[in-house]
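To start, the structure itself, in structure tokens.
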Amino acid sequence: MSVISILYFFVLLPFLLGSFYFPQREEKSIEFSKLFIWGFVVELFLFELIYTPFILFYNKFSAFSNTLTVVYAILSIFLLYRWLKQHKIKHIISIKSLFIKENILWIFPLSIIAFQLFMGIFYQYLDGDDAYYMAQSTAAYMTDYMYGFEPYTGITTALDMRHGMAGIPIFISYLSRMTGIHPAIMGHTIFSTFLIGMTYLVFYQLAKRLFKNKQKEQALFLGFIALLQMFGNSTIYTNETFFLTRTSQGKAVMASFIIPLLLLLLFEMMERMEVYKSFNHKKLQMSDIWIRIIMIQIAAVACTTLAVYLVPLLLGVGILVITIHVRKIKPLLFFLCCLFPSAFYGILYLLY
Amino acid sequence: METGIIQQIIDAYHNYRGSSYYVLFFFCALMFLLFTEKKKTIRLILVYSSVFLVVLFMLPPFAWLVTKILGEEIYYRTIWLFPIGITISYCAVKLISRQQSRAKKVSMWVLLVALCIYGGAFTYQHSDFTKAENSYHLPQVVIELCDLIKEDGMNVKAAFPREMVTYVRQYDSTILLAFGREKLLPWFGGDHELHYALQDKVLDTKNVARILREQECKYLILNEEQKLLEPFSQYGFQIFTRVQNYVIYLDKEKPEL
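This is the structure:
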């Protein structure tokens with residue numbers, strides 16, 4: 001039963017929710033990795049969207065997780081029905097087909113990634129901050145109250161809103177509840193392994209944008225990225241250190257998964273505009289990008305409340321550069337209109 | 353404002369960089385791409401946006417505003433937004449691709465891989481990385497101790513040795529701790545009477561027993577080698593059991609919370 005639940009939450013659900021992003025407009029084919037990445041973002045987005053009112057007004061974990069389950073289930077059924085009806089599955093390009101050529105070069109990134117996955121499963125990094133985050137996950141799982149206890153000692157306490165808004169520890173509790181696996185195993189072993197894989201899918205997508213149709217270069221790029229991740233532990237503050245030592249903590253998800261994903265979004269935005277040579281072209285379809293910008297802000301808050309600063313800053317700088325390039329104020333105005341989730345969570349952050 | 357904030361920017365940068373050459377590589381890669389990159393999308397997103405972010409990060413009024421609103425300790429996280437790994441990797445691949453012959457390409461690859469290894473720090477060399485004792489990724493002795501003292505559906509309070517307090521509640525939240533990790537961290541301020549009393553080379557048993565009672569702490573876990581002024585049994589604490597090098601004492605006089 002646990003295996004089926006794990007497959008549902010880590011494979012089927014991201015896959016189905018990914019199709020929510022790319023319904024009709026996407027060209028003839030959709031890549032599995034792209035569906036998967038954005039599907040996971042929707043999974044986190046829905047989680048945080050439902051989690052926020054619960055943590056503000058009613059911190060009963062079972063009520064929250066039942067609500068989330070109903071939402072995930074309804075969406076899954078609807079999206080599965082739509083997939084089957086439209087026979088879209090045949091249009092998915094699998095990752096496997098992309099590795100057929102240039103096998104030898106792919107050994108460079110894949111061996112390093114496999115090593116990191118091995119280390120993530122069979123080695124432990126005893127991080128002190130887990131006394132807070134993982135203890136919160138376990139407390140919600142065992143006591144049915146979210147952020148109701150001081151995690152270090154277990155005494156009851158008022159809600160710590162700055163930490164409480166970022167729901168990743170509760171997301172781990174939720175996955176534990178649904179799979180019957182202890183939060184420490186879920187967070188330290190299963191979820192962190194999933195996140196390592198997911199992060200490299202983002203880098204793989206980036207490689208494809210930086211080196212279009214050049215598999216050798218894509219493999220080399222991914223290899224260097226994996227190498228830098230593994231040798232980036234110069235201090236405790238680097239993205240790379242967070243990625244491989246504190247993988248399941250929200251800050252690590254932000255630093256290693258969300259931030260490269262924002263760059264990917266900027267690349268995609270720029271590429272579409274390049275195709276039509278203008279931001280005003282009638283055929284230029286950007287609505288899904290703006291929707292993704294809204295969703296990723298909320299998904300990022302699930303990782304860390306600091307997302308209200310980091311996400312608008314990176315996207316803002318990127319879109320400002322694009323705006324200057326196209327000499328049209330429209331992209332920046334659209335972006336500013338999409339910033340309401342960060343504004344909302346930012347106000348909550350400052351109020352508490 | 354200016355001197356203090358400039359120092360904070362420098363500190364954030366140095367704290368992030370450490371002894372690594374990656375930030376230096378990143379700046380070199382940015383310069384290289386600034387002069388050689390022809391693809392518009394990459395210039396805009398990877399190069400110009402990065403330069404913009406770096407300038408913004410170093411700008412004192414920006415740093416002042418951010419640290420005022422969000423706090424000084426998190427300013428370094430702005431550096432997370434610099435695409436350091438992506439830019440270095442992209443540049444490395446470009447350098448390899450520029451080589452004409454296969455031998456030159458392989459040599460360049462070897463050189464760049466060596467530079468990446470030399471310029472960084474291997475994550476798994478860190479002393480905190482150890483072979484996992486179980487799938488919880490928690491010390492096995494803590495799990496065994498918790499399993500022995502936990503009571504189904506009931507909270508139980510215990511005092512664990514300081515080296516264990518980080519892990520106990522990750523495993524079982526029905527175990528309440530007399531003092532937790534916050535007492536080990538200087539920035540939380542203050543000390544805990546029991547934590548302080550347990551630091552003595554020879555434990556003042558009477559004093560420790562008194563504090564445990566006051567805190568309604570049912571169990572005390574001590575290292576077997578811990579020296580005691582008097583036996584705990586004189587004050588109602590009996591040896592409950594032993595696990596590896598640890599002894600669990602149970603308060604027999606006041607077993608209920």
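Note that the protein sequences, when read in sequence, are chains A and B. Just so you know, we're using the working numbering here: the first sequence kicks off at 1 and counts up by one. Just so you know, we're using the working numbering here: the second sequence kicks off at 353 and counts up by one. Heads up, the beta-carbon is just placed ideally off N, CA and C, and yes, glycines get one too.
* **Alpha-carbon to alpha-carbon, Trp-461 (chain B) and Leu-46 (chain A)** => Residue mapping note: residue 46 (chain A) aligns to position 46 of the first sequence, counting from 1. Residue mapping note: residue 461 (chain B) aligns to position 109 of the second sequence, counting from 1. Rounded to the nearest angstrom, the two C-alpha atoms are 43 Å apart.
* Asked: In chain order, what residues of the same chain have a beta carbon less than 7 Å from the beta carbon of Pro-513 (chain B), not counting five sequence neighbours either side?
  -> Taking the second sequence and counting its residues from 1, one reaches residue 513 (chain B) at position 161. Result list for Pro-513 (chain B): Ile-573, Leu-574, Asn-575, in chain order.
* Going along the stretch 126-146 of chain A in order, which residues come within less than 7 Å of chain B, judged by CB to CB distance? -> Against chain B - using a Cβ distance shorter than 7 Å - the residues of the stretch 126-146 of chain A are Leu-126, Gly-128, Asp-130, Ala-131, Met-134, Ala-135, Thr-138, Ala-139, Met-142, Thr-143.
* Asked: Looking at the unbroken beta strand (DSSP E) that takes in Leu-222 (chain A), where does it start and where does it end?
  -> Within the first sequence, numbered from 1, the residue matching residue 222 (chain A) stands at position 222. Element bounds for Leu-222 (chain A): not the beta strand (DSSP E) but the alpha helix (DSSP H), 215-230.
* Asked: Out of curiosity, what's the CA-to-CA distance linking Lys-483 (chain B) and Thr-193 (chain A)?
  -> The residue labelled residue 483 (chain B) in the question sits at position 131 within the second sequence. The residue labelled residue 193 (chain A) in the question sits at position 193 within the first sequence. Those two C-alpha atoms are separated by around 16 Å.
* Does the Cβ of Cys-338 (chain A) have 16 or more other Cβ atoms within 10 Å, making it buried, or fewer, making it exposed? -> Residue numbering aside, residue 338 (chain A) sits at position 338 when the first sequence is read from its first letter. In summary, Cys-338 (chain A) is buried, with 16 or more beta-carbon neighbours lying within 10 Å of its beta-carbon over all protein chains present.
* Run down chain A in chain order and give the residues with a C-beta less than 7 Å from the C-beta of Ser-487 (chain B). => Translated into the one-based positions of the second sequence, residue 487 (chain B) becomes position 135. Going along chain A in sequence order, the residues near Ser-487 (chain B) (Cβ under 7 Å) are Ile-185, Thr-189.
* To do: Scan the stretch 463-493 of chain B for residues whose Cβ lies nearer than 7 Å to a Cβ of chain A and list them as they occur along the chain.
  => If the cut-off is 7 Å between Cβ atoms, the stretch 463-493 of chain B has Val-465, Cys-468, Ile-469, Gly-472, Ala-473, Phe-474, Thr-475, Tyr-476, His-478, Asp-480, Phe-481, Thr-482, Lys-483, Ala-484, Ser-487, Tyr-488, His-489, Leu-490 near chain A.
* To do: Could you tell me whether any Cβ in chain A is nearer than 8 Å to the Cβ of Lys-392 (chain B)?
  => If you number the second sequence from 1, residue 392 (chain B) lands on position 40. Proximity of Lys-392 (chain B) to chain A, defined by a Cβ-Cβ separation below 8 Å, is satisfied.
* Which of helix, strand or coil DSSP assigns to Thr-304 (chain A) -> Indexing the first sequence from 1 puts residue 304 (chain A) at position 304. Looking at Thr-304 (chain A) - three-state DSSP - the assignment turns out to be coil, as it is neither helix nor strand.
* To do: Identify the contact partners of Leu-422 (chain B) in chain A, using a Cβ-Cβ distance below 8 Å as the criterion.
  => As a position in the second sequence, residue 422 (chain B) is number 70, starting the count at 1. Going along chain A in sequence order, the residues near Leu-422 (chain B) (Cβ under 8 Å) are Leu-306, Tyr-309.
* If you measure from the beta carbon of Ile-113 (chain A) to each beta carbon in chain B, is any gap under 8 Å? -> Position 113 of the first sequence, counting from 1, holds the residue named residue 113 (chain A). So no, Ile-113 (chain A) is outside the interface.
* Asked: Taking the DSSP output, what are the residues bridged to Ile-527 (chain B)?
  -> Here the question's residue 527 (chain B) lines up with position 175 in the second sequence. B:Val-508.
* Where Leu-332 (chain A) falls: helix, strand or coil (DSSP) -> Start at 1 with the first residue of the first sequence, and residue 332 (chain A) comes out as number 332. It is helical.
* Does the beta carbon of Ile-37 (chain A) fall short of 7 Å from some heavy atom of the ligand ADP? -> This structure simply doesn't include the ligand ADP, nor any ligand for that matter.
* **chain B contact for Pro-109 (chain A) (CB, 8 Å cutoff)** => For this step, residue 109 (chain A) is matched to residue 109 along the first sequence. Taking Cβ atoms only, chain B never reaches closer than 8 Å to Pro-109 (chain A), which makes this a no.
* Does the beta carbon of Ile-397 (chain B) come closer than 8 Å to any beta carbon on chain A? -> Here residue 397 (chain B) is taken as the residue at index 45 of the second sequence, counted from 1. Under the 8 Å criterion on CB atoms, Ile-397 (chain B) is classed as interfacial with respect to chain A.
* Applying a beta-carbon distance threshold of less than 8 Å, which residues of chain B neighbour Ser-234 (chain A)? -> In the first sequence, counting from the first residue as 1, residue 234 (chain A) sits at position 234. Those are Arg-369, Gly-370, Ser-371, Ser-372, Tyr-374, Gly-472, Ala-473, listed as they occur along chain B.
* From B:Glu-577, B:Asp-363, B:Ala-473, pick the residue whose C-alpha is nearest to that of Val-554 (chain B); which is it? -> As a first step, residue 554 (chain B) must be located in the second sequence, where it is residue number 202. Residue B:Glu-577 is the option with its Cα nearest to Val-554 (chain B).
* What number of angstroms, rounded off, separates the C-alpha of Arg-327 (chain A) from the C-alpha of Val-321 (chain A)? -> Residue numbering aside, residue 327 (chain A) sits at position 327 when the first sequence is read from its first letter. Residue numbering aside, residue 321 (chain A) sits at position 321 when the first sequence is read from its first letter. Arg-327 (chain A) and Val-321 (chain A) have their C-alpha atoms roughly 10 Å apart.
* Residue-chain proximity (Pro-435 (chain B), chain A), Cβ-Cβ < 8 Å -> Stepping through the second sequence from its first residue, residue 435 (chain B) is reached at position 83. With 8 Å as the cut-off, Pro-435 (chain B) counts as an interface residue toward chain A.
* Bounding residues of the beta strand (DSSP E) (the contiguous stretch that carries Val-399 (chain B)) -> Locating residue 399 (chain B) in the second sequence gives position 47, counting from the first residue. Neither: Val-399 (chain B) is in no beta strand (DSSP E) and is coded neither H nor E.
* **Lys-553 (chain B) - DSSP class collapsed to helix/strand/coil** => Mapped onto the second sequence, residue 553 (chain B) falls at position 201. Of the three classes helix, strand and coil, the one that applies to Lys-553 (chain B) here is coil, per DSSP.
* chain B partners of Tyr-58 (chain A), CB-CB under 7 Å? -> For this step, residue 58 (chain A) is matched to residue 58 along the first sequence. Under the 7 Å cutoff, chain B gives no residues; its nearest Cβ is about 20 Å from Tyr-58 (chain A).
* Three-state secondary structure (DSSP) at Ile-296 (chain A)? -> On the first sequence, position 296 is the one that residue 296 (chain A) refers to. For Ile-296 (chain A), the three-state secondary structure derived from DSSP is helix.
* To do: Kindly indicate the opening and closing residues of the alpha helix (DSSP H) around Val-41 (chain A).
  => Your numbering for residue 41 (chain A) matches position 41 in the first sequence. For Val-41 (chain A), the enclosing alpha helix (DSSP H) starts and ends at 32-57.
* For chain B, is any of its Cβ atoms less than 8 Å away from the one on Gly-250 (chain A)? -> Within the first sequence, numbered from 1, the residue matching residue 250 (chain A) stands at position 250. Not closer than 8 Å to any Cβ of chain B, the Cβ of Gly-250 (chain A) fails to qualify, so no.
* **According to DSSP, residues forming a beta bridge with Ile-591 (chain B)** => Numbered from its first residue, the second sequence carries residue 591 (chain B) at position 239. In the DSSP output, where bridge partners are listed per residue, Ile-591 (chain B) has B:Tyr-601.
* To do: Out of A:Cys-303, A:Leu-306, A:Phe-231, A:Ala-131, state which residue places its alpha-carbon closest to the alpha-carbon of Ala-473 (chain B).
  => Within the second sequence, the letter at position 121 stands for residue 473 (chain B). Comparing Cα-Cα distances from Ala-473 (chain B) to each of A:Cys-303, A:Leu-306, A:Phe-231, A:Ala-131, the minimum goes to A:Phe-231.
* **Close Cβ partners of Gln-297 (chain A) (< 6 Å) along its chain, the five nearest in sequence each way excluded** => Locating residue 297 (chain A) in the first sequence gives position 297, counting from the first residue. Spatial neighbours of Gln-297 (chain A) in its own chain (CB-CB distance under 6 Å, excluding positions within 5 residues in sequence) are listed in chain order as Val-311, Pro-341, Ser-342.
* Whose C-alpha, out of A:Met-142, A:Glu-240, A:Thr-245, A:Lys-212, is nearest the C-alpha of Glu-271 (chain A)? -> Numbered from its first residue, the first sequence carries residue 271 (chain A) at position 271. It is A:Lys-212.
* Asked: So which residues on chain A does Val-418 (chain B) lean against when the C-beta distance must stay under 8 Å?
  -> In the second sequence, counting from the first residue as 1, residue 418 (chain B) sits at position 66. In chain order: Tyr-309.
* Per DSSP, the bridge partner or partners of Thr-156 (chain A) -> Counting from 1 along the first sequence, the entry for residue 156 (chain A) is found at position 156. In DSSP, Thr-156 (chain A) forms a bridge with A:Phe-149.
* Measure the C-alpha to C-alpha separation of Ser-453 (chain B) and Leu-110 (chain A) and round it to an integer number of angstroms. => Against the second sequence, residue 453 (chain B) aligns to sequence position 101. Against the first sequence, residue 110 (chain A) aligns to sequence position 110. Straight-line Cα distance between these residues: approximately 25 Å.
* Asked: Residues in its own chain within less than 6 Å of His-547 (chain B) by CB, not counting five upstream and five downstream?
  -> One-based indexing of the second sequence puts residue 547 (chain B) at position 195. Around His-547 (chain B): Phe-531, Lys-535.
* **Stretch pair the stretch 428-444 of chain B + the stretch 206-226 of chain A: three plus CB contacts closer than 8 Å** => Touching, per the Cβ criterion.
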